[in-house]
Each structure stands twice: as structure tokens, then as C-alpha cells.
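Structure record follows, encoded as C-alpha cells.
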Amino acid sequence: MGYRSSLTVGILGLIPFVAIFVCCLITPADQEVYDLLIYLFVSYAAIISSFLGGIQWGLITASADRIYSVFLPLLISTIPALMGWSALIFVTNLFYSLIIIVISFILALAHDYYLYNTKATPYWFLNIRVPLTSAVIIISILMFFYIN
49 MGYRSSLTVG ILGLIPFVAI FVCCLITPAD QEVYDLLIYL FVSYAAIISS FLGGIQWGLI
109 TASADRIYSV FLPLLISTIP ALMGWSALIF VTNLFYSLII IVISFILALA HDYYLYNTKA
169 TPYWFLNIRV PLTSAVIIIS ILMFFYIN
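With the sequence shown counted from 1, adding 48 to any position gets you the working numbering.
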């Protein structure tokens, strides 16, 4: 029932990634606004990475009776937030920030697969998460190659 709403909101969540990347393409690299755009990209990616961990936390706690042990899955669900925070620490070095962001999204998706297999997610969950996460990873990689 929540598939369509979740997909719509998820696609809307991609808009800042795409908009910031396009702005970077059209902004000369020697302008101050360019550095601001890079910071905004990494900041938004860190926020979304944290949000994904929060989704996982909620799914785990909502289905704790179906998961044998919740400690490790809950611990893993905090990793995207910590990695997002780490990406902000390294924002002066875009290479590290974007690598951390990409890894955080890959790890979040891998954990989503685990949660899906434990039946902690709706049946349609991965149909949304895989394309959205793939889009963010692709945009982040494009940003990395464009910037460097």
C-alpha cells in the first residue's frame, strides 16, 4: 500500500543530488559557489545516509520478534549515520568524502537485503531501494570523476 508513496518521495529525494551535480557541471571550478555546491552535495548525502540507517532502525525494532538477535542489526543500522558524519569530516578532501558516501550507501543496501530476507521489510521495499541507491551511487561516482 505504501509502495507508490514511498517511490514518489524517494524520487523527490533524488532531486537535490541531481540538481547539485548539474549545478557543478555549469559552474566554473574557480568560483566560491563551486566549493559550496560540493559541500552541499556531501552534506545532503550524509543526511540521506543517516536517514537510511534510521529506516533500518525502525524496521528492526518493528519486527524484533522475527529477528533472532536485534543487537547486531541495530548496531549495523548506525553505520550509515557514522559514515555520513565521517564524510563531512573529510569534506575538504572530496576523494575521501565521496568514497565514504558510496561505501555507506552500498553497506546500507546490503543491510537492506538482510532485512528483506528476515521479512523485516515490506515485499516491495527492495524494488524502491535498489534503483534509488543505484542512482545516488552513480551520481556520486560521476561527481567524483567530474571534480577530479
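Note that beta-carbon positions come from the ideal geometry of N, C-alpha and C, so glycine has one too.
In chain order, what residues of the same chain have a beta carbon less than 8 angstroms from the beta carbon of residue i, not counting five sequence neighbours either side?
i, result
"V118", "I108, T109, A112"
"L190", "F69"
"Y161", "L174"
"Y51", "P170, W172, N175, I176"
"L44", "For residue 44 there is no data in the structure shown, the boundaries of the chain being 49 and 196."
"T56", "none"
"A183", "L62, F65"
Do residue i and residue j have their C-beta atoms closer together than 7 angstroms?
i, j, result
"G101", "A129", "yes"
"S188", "S152", "no"
"A135", "A94", "yes"
"L62", "C71", "no"
"S54", "I176", "yes"
"Y87", "P64", "no"
"V81", "S145", "no"
Excluding the 5 residues flanking residue i on each side, which residues of the same chain have their C-beta closer than 6 angstroms to its C-beta?
i, result
"I124", "H159"
"I195", "L142"
"L163", "L107, T169"
"F192", "L146"
Assuming the contact rule is C-beta atoms closer than 8 angstroms, residue i and residue j should be a hit. Round their C-beta distance to whole Å, please.
i, j, result
"I147", "M131", "Incorrect: roughly 10 angstroms between the Cβ atoms, too far for contact."
"G58", "L180", "5 angstroms"
"I127", "L155", "6 angstroms"
Return the chain-ordered list of same chain residues with a C-beta closer than 7 angstroms to the C-beta of residue i, the five sequence neighbours on each side being excluded.
i, result
"I115", "I108, P121, T166, A168"
Q: State whether the segment 162-170 contacts the segment 129-140, with contact taken as three or more CB pairs (one from each stretch) at a distance under 8 angstroms.
A: Short answer: they don't touch.
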